[in-house]
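Engineer: For the sequence shown, the working numbering gives the first residue as 1, with consecutive numbering after it. First the structure, then my questions, so here it is.
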Amino acid sequence: MTTRAELRAEKKPRRPLLRSFRFWIPVGIVLLLLVLAVAGVLVGKPIYDRAMSAKTSLEKAMPLATTAKNQILAGDTEGAKATAAELSSLTADAREQTDGGMWKSLEWVPFVGPNLHAVRTAAAVTDDLVTGAVAPATNLSLAALTPVDGAINLAAITDMQATVTQAADAVDKAATDLEAIDHASLIPQVEGALAQLTGAVDELQPLLGPAKEIIGVLPAALGADGPRNYLTVFQNNAESRGTGGNPAAIVMITADQGRISITQQASSANFSNERPTPVIDLDPELEALYGDKVGRWISDTTMSPDFRESARIIRAYWAESFGTPVDAVVSFDPVALSYLLRATGPAIIPAEPIDVDGVELQLFEEQITLTSENAVPLLLNEVYWRFPDGRVQDAFFAAAAKSVFEVLTAGSTDPKALVDSLALAIDENRLLYSPSDEAEAALVGESKLSGRLPSTNSERTLVGVYMNDFTQSKLDYYMQLDVAATSTQCTTPDSPTFTTTATLANTITPAQAPELPYHIAPARFFDRGTVATYVVFYGPVGSTLTSVTIDGQPVQARGVQHLGRGAVKVAIENAPGQTHTVVAQFAGEAGEYGELDIQHTPMVRSVSEKLTAEGCS
Numbered sequence: 001m002t003t004r005a006e007l008r009a010e011k012k013p014r015r016p017l018l019r020s021f022r023f024w025i026p027v028g029i030v031l032l033l034l035v036l037a038v039a040g041v042l043v044g045k046p047i048y049d050r051a052m053s054a055k056t057s058l059e060k061a062m063p064l065a066t067t068a069k070n071q072i073l074a075g076d077t078e079g080a081k082a083t084a085a086e087l088s089s090l091t092a093d094a095r096e097q098t099d100g101g102m103w104k105s106l107e108w109v110p111f112v113g114p115n116l117h118a119v120r121t122a123a124a125v126t127d128d129l130v131t132g133a134v135a136p137a138t139n140l141s142l143a144a145l146t147p148v149d150g151a152i153n154l155a156a157i158t159d160m161q162a163t164v165t166q167a168a169d170a171v172d173k174a175a176t177d178l179e180a181i182d183h184a185s186l187i188p189q190v191e192g193a194l195a196q197l198t199g200a201v202d203e204l205q206p207l208l209g210p211a212k213e214i215i216g217v218l219p220a221a222l223g224a225d226g227p228r229n230y231l232t233v234f235q236n237n238a239e240s241r242g243t244g245g246n247p248a249a250i251v252m253i254t255a256d257q258g259r260i261s262i263t264q265q266a267s268s269a270n271f272s273n274e275r276p277t278p279v280i281d282l283d284p285e286l287e288a289l290y291g292d293k294v295g296r297w298i299s300d301t302t303m304s305p306d307f308r309e310s311a312r313i314i315r316a317y318w319a320e321s322f323g324t325p326v327d328a329v330v331s332f333d334p335v336a337l338s339y340l341l342r343a344t345g346p347a348i349i350p351a352e353p354i355d356v357d358g359v360e361l362q363l364f365e366e367q368i369t370l371t372s373e374n375a376v377p378l379l380l381n382e383v384y385w386r387f388p389d390g391r392v393q394d395a396f397f398a399a400a401a402k403s404v405f406e407v408l409t410a411g412s413t414d415p416k417a418l419v420d421s422l423a424l425a426i427d428e429n430r431l432l433y434s435p436s437d438e439a440e441a442a443l444v445g446e447s448k449l450s451g452r453l454p455s456t457n458s459e460r461t462l463v464g465v466y467m468n469d470f471t472q473s474k475l476d477y478y479m480q481l482d483v484a485a486t487s488t489q490c491t492t493p494d495s496p497t498f499t500t501t502a503t504l505a506n507t508i509t510p511a512q513a514p515e516l517p518y519h520i521a522p523a524r525f526f527d528r529g530t531v532a533t534y535v536v537f538y539g540p541v542g543s544t545l546t547s548v549t550i551d552g553q554p555v556q557a558r559g560v561q562h563l564g565r566g567a568v569k570v571a572i573e574n575a576p577g578q579t580h581t582v583v584a585q586f587a588g589e590a591g592e593y594g595e596l597d598i599q600h601t602p603m604v605r606s607v608s609e610k611l612t613a614e615g616c617s
């Protein structure tokens with residue numbers, strides 16, 4: 001069986017801007033070494049001597065490229081500047097050695113000339129990239145993205161924009177110069193090397209373009225033109241929903257002139273729930289699959305895997321209850337919070353009275369230290385053992401959110417660790433962002449950050465498995481989900497089939513079930529410890545459901561269309577210690593399909609994924 005990693009072995013993942021430097025500097029240097037050696041053989045000793053001199057410079061430069069990249073990421077500005085200066089000197093020498101009159105005079109010689117011209121162009125491109133992108137990048141600092149004393153330096157963000165723009169322009173010029181090379185007479189070694197160098201530059205262009213645009217809107221997003229309000233939803237994975245969990249805790253974060261503050265906090269109890277009609281008109285397909293409760297209970301607003309739909313409903317709830325303008329809805333979960341705490345260090349919840357519905361209560365005698373190791377068990381499980389009153393739980397969540405916010409904005413955060421933690425949260429669909437402004441939404445596009453499913457199969461063929469608890473409990477803390485997908489998109493492209501498997505295991509033992517507290521296992525509708533889940537499967541764009549089995553037995557299931565895909569909702573009950581396997585099969589349309597991929601609800605426990613696309617390279 002082909003694993004997910006094997007399917008992606010030849011496809012490089014997109015990296016944040018600074019990390020992408022490793023694509024083109026080492027690659028360009030290695031390729032030039034090969035090309036210059038070939039050039040020496042072709043044209044004799046004078047040119048050979050120049051080629052070997054350039055080769056020596058580039059050999060010295062190669063490790064420096066990696067060093068400069070590491071120094072930039074580590075925030076070692078002075079070290080990066082020194083390394084970049086040495087690197088620039090070496091690539092400039094290689095350029096000079098391949099740019100003399102003798103070298104150019106031989107570029108008119110049939111067969112040999114085009115190869116020498118290609119080598120000279122490649123050397124110039126490498127040097128231009130070092131001087132136009134790497135050297136300016138040494139002025140970049142990830143620290144500019146982290147708050148200090150509750151504020152982010154807007155001037156530093158503006159400077160960053162200028163640097164990224166310069167780097168983007170340098171890469172665009174490199175692409176133009178490489179495109180102008182005549183490939184008709186190139187020998188295979190030169191042709192192959194140029195193809196790889198061009199490919200590396202082509203990888204950079206789609207990264208730097210959006211990066212330039214996103215950094216360009218950051219000042220406004222941080223309140224440079226007036227206050228911006230970000231409604232931050234903390235999804236509770238212990239009660240699963242499509243994009244994570246029950247959005248029981250909500251915080252309004254306001255950015256004004258770079259200064260960030262919590263301006264309001266709320267829980268699900270602050271909204272009008274169990275209403276007779278949805279708070280806003282629902283998409284008919286959404287309602288057909290999930291029912292109108294997605295608009296009647298704020299706790300059910302995140303059932304759809306499309307966060308854009310959820311954000312629209314959450315905005316309506318907030319407008320009805322509070323009226324504060326919302327510039328974007330952000331989603332975060334406790335697992336992502338644990339990643340964040342790796343960068344910030346521990347957050348302290350002080351042992352002081354906490355407001356519970358207007359009454360100051362002393363909930364604990366000693367301060368609680370929230371760390372990357374204990375955040376998940378404390379916030380998703382232990383809190384229900386400690387505090388049986390739901391109002392007290394909400395107050396504790398609010399206090400925890402405040403403590404994390406304070407340590408994040410204090411200024412002691414490791415910038416690189418912060419970027420890494422947020423990148424991991426985005427990759428696992430634990431950090432989502434849905435802006436109200438259409439231009440900002442276009443920048444986010446269909447990236448993972450947007451929480452949107454792809455609208456086509458062209459780049460990746462995505463299937464999905466999403467969990468929606470209907471036990472009305474916090475038992476998903478104990479659930480283990482494993483997923484797999486297979487496709488025949490490469491063997492039968494005219495009539496492909498897509499088979500998605502979800503295996504759910506309840507890790508609670510029968511002996512543990514009776515001891516569970518009420519808020520974890522209320523046992524109102526099911527036996528204590530039993531977990532009831534709607535497993536919602538989505539096929540690729542344009543697909544239709546063909547069959548569903550539970551533990552190998554066919555079951556009747558009604559397929560519907562949602563988000564341009566076939567979808568089906570299957571109810572499963574897992575008693576303590578019980579495991580069930582659900583399989584859904586979809587028929588795809590004839591057409592081109594990108595790499596097979598699978599997405600699932602971000603759970604408390606790690607989810608194993610297996611992908612098999614027979615016949616695909």
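Each residue gets a CB set at the ideal place from its N, CA and C atoms; glycine is no exception. These numbers were taken from a predicted model, which means no experiment stands behind them.
Exposed or buried, ALA162, counting other C-beta atoms within 10 Å across all chains shown (16 or more means buried)?
Structural biologist: Residue numbering aside, residue 162 sits at position 162 when the sequence shown is read from its first letter. Under this definition ALA162 is an exposed residue.
Engineer: Secondary structure at ILE598, three-state DSSP: helix, strand or coil?
Structural biologist: Taking the sequence shown and counting its residues from 1, the one referred to as residue 598 is at position 598. Three-state DSSP puts ILE598 in a strand.
Engineer: Taking only three categories from DSSP, how would you classify THR83?
Structural biologist: Counting from one through the sequence shown, the residue named residue 83 turns up at place 83. If DSSP states are grouped into helix, strand and coil, THR83 belongs with the helices.
Engineer: Short check: CB of GLU595 to CB of CYS490, under 8 Å?
Structural biologist: As a working note, residue 595 is residue 595 in the sequence shown. As a working note, residue 490 is residue 490 in the sequence shown. Going by C-beta atoms, GLU595 is not nearer than 8 Å to CYS490.
Engineer: Kindly confirm or deny that the stretch 125-137 and the stretch 155-170 touch, where touching means at least three C-beta pairs closer than 8 Å.
Structural biologist: yes
Engineer: Given a threshold of 16 other Cβ atoms within 10 Å of its Cβ, counted over all protein chains shown, does GLY323 qualify as buried or as exposed?
Structural biologist: The residue given as residue 323 occupies position 323 in the sequence shown. GLY323 comes out exposed.
Engineer: Say whether the stretch 238-249 touches the stretch 461-476, bearing in mind that this needs 3 or more beta-carbon pairs closer than 8 Å, one atom from each stretch.
Structural biologist: Output reads yes: the stretch 461-476 touches the stretch 238-249.
Engineer: Rounding to the nearest angstrom, what Cα-Cα distance links LYS218 and ARG259 in this structure?
Structural biologist: What you label residue 218 is simply residue 218 of the sequence shown in a count that begins at 1. What you label residue 259 is simply residue 259 of the sequence shown in a count that begins at 1. Contrary to the premise, residue 218 reads as Leu rather than Lys in this sequence. So the two alpha carbons sit approximately 13 Å from each other.
Engineer: Tell me whether GLY199 is buried or exposed, calling it buried when 16 or more other Cβ atoms sit within 10 Å of its Cβ.
Structural biologist: Here residue 199 refers to the residue found at position 199 when the sequence shown is read from its first residue. With fewer than 16 Cβ atoms within 10 Å of its Cβ, GLY199 is classed as exposed.
Engineer: Could you pull out every residue in the same chain whose Cβ sits closer than 8 Å to the Cβ of LYS212, ignoring the five residues on either side in sequence?
Structural biologist: Taking the sequence shown and counting its residues from 1, the one referred to as residue 212 is at position 212. GLN161, VAL164, THR165 and ALA168.
Engineer: Alpha carbon to alpha carbon, how far is LYS61 from LEU422?
Structural biologist: The residue given as residue 61 occupies position 61 in the sequence shown. The residue given as residue 422 occupies position 422 in the sequence shown. A small fix is needed here, since residue 61 is Ala in this sequence, not Lys. Going by the C-alpha atoms only, they are around 32 Å apart.
Engineer: Let me check understanding here. Comparing Cα to Cα, which of ALA221, ALA269, TYR538 and THR77 lies closest to ASN246?
Structural biologist: Position 246 of the sequence shown holds residue 246. Per the Cα distances, ALA269.
Engineer: On the DSSP letters alone, give me the boundaries of the alpha helix (DSSP H) that PRO415 sits inside.
Structural biologist: Position 415 of the sequence shown, counted from the start, is the residue given in the question as residue 415. Under the DSSP assignment, PRO415 falls in the alpha helix (DSSP H) whose first and last residues are 415-427.
Engineer: Go ahead and pull the three-state DSSP assignment for LYS402.
Structural biologist: Taking the sequence shown and counting its residues from 1, one reaches residue 402 at position 402. The answer is helix: DSSP assigns LYS402 an H, G or I state.
Engineer: Which residue's Cα is closest to the Cα of GLN561: PHE537, LEU363, ILE426 and PHE525?
Structural biologist: As a working mapping, residue 561 is identified with position 561 in the sequence shown. Measuring from the Cα of GLN561, the nearest candidate turns out to be PHE537.
Engineer: With distance defined between alpha-carbon atoms, name the residue in ALA195, PRO114, GLU179 and ALA85 nearest to SER185.
Structural biologist: Residue mapping note: residue 185 aligns to position 185 of the sequence shown, counting from 1. It is PRO114 whose Cα lies nearest to the Cα of SER185.
Engineer: When DSSP labels each residue in this structure, what does VAL279 get in the three-state scheme?
Structural biologist: Along the sequence shown, read from residue 1 onward, the residue named residue 279 stands at position 279. Coil.
Engineer: Quick one: what does DSSP say TYR593 is sitting in, helix, strand or coil?
Structural biologist: Indexing the sequence shown from 1 puts residue 593 at position 593. Residue state, collapsed to three classes: coil.
Engineer: Please report the straight-line C-alpha distance between LEU611 and ALA575, rounded to a whole angstrom.
Structural biologist: Reading the sequence shown from its first residue, position 611 is the one you call residue 611. Reading the sequence shown from its first residue, position 575 is the one you call residue 575. Computed Cα separation, rounded: 28 Å.
Engineer: Contact check, LEU431 vs ALA587 under 8 Å by CB: the rounded distance?
Structural biologist: Within the sequence shown, residue 431 is the residue found at index 431, counting from 1. Within the sequence shown, residue 587 is the residue found at index 587, counting from 1. Not quite, the Cβ-Cβ distance comes to about 34 Å (not below 8 Å), so this is no contact.
Engineer: Where do the ends of the alpha helix (DSSP H) carrying PRO334 lie?
Structural biologist: Along the sequence shown, one-based indexing puts residue 334 at 334. That run of the alpha helix (DSSP H) goes 334-344.
Engineer: Exposed or buried, which one is LEU361 when buried takes at least 16 other CB atoms within 10 Å?
Structural biologist: Indexing the sequence shown from 1 puts residue 361 at position 361. It counts as exposed.
Engineer: With DSSP as the reference, identify every bridge partner of PRO435, one or two as the case may be.
Structural biologist: The residue labelled residue 435 in the question sits at position 435 within the sequence shown. DSSP output for PRO435 lists ALA328 as bridge partner(s).
Engineer: Rounded to the nearest angstrom, what separates GLN196 and LEU64 at their Cα positions?
Structural biologist: Your numbering for residue 196 matches position 196 in the sequence shown. Your numbering for residue 64 matches position 64 in the sequence shown. When rounded, the distance between both Cα atoms is 21 Å.
Engineer: Taking the CB atoms as reference points, tell me whether ASN506 and GLN578 lie closer together than 8 Å.
Structural biologist: Residue 506 sits at position 506 when you count from the first residue of the sequence shown. Residue 578 sits at position 578 when you count from the first residue of the sequence shown. Yes, these two residues count as a Cβ contact at 8 Å.
Engineer: Just mark GLY101 as buried or exposed, buried being the case when its beta carbon has 16 or more other beta carbons within 10 Å.
Structural biologist: Here residue 101 refers to the residue found at position 101 of the sequence shown. It is exposed - the Cβ of GLY101 has fewer than 16 other Cβ atoms within 10 Å.
Engineer: By the three-class DSSP mapping on this structure, what secondary structure does ILE181 have?
Structural biologist: Taking the first residue of the sequence shown as position 1, residue 181 is located at position 181. Three-state result, ILE181: coil.
Engineer: Under the DSSP definition of a beta bridge, which residues are partnered with HIS562?
Structural biologist: In the sequence shown, counting from the first residue as 1, residue 562 sits at position 562. HIS562 is bridged to ARG565.
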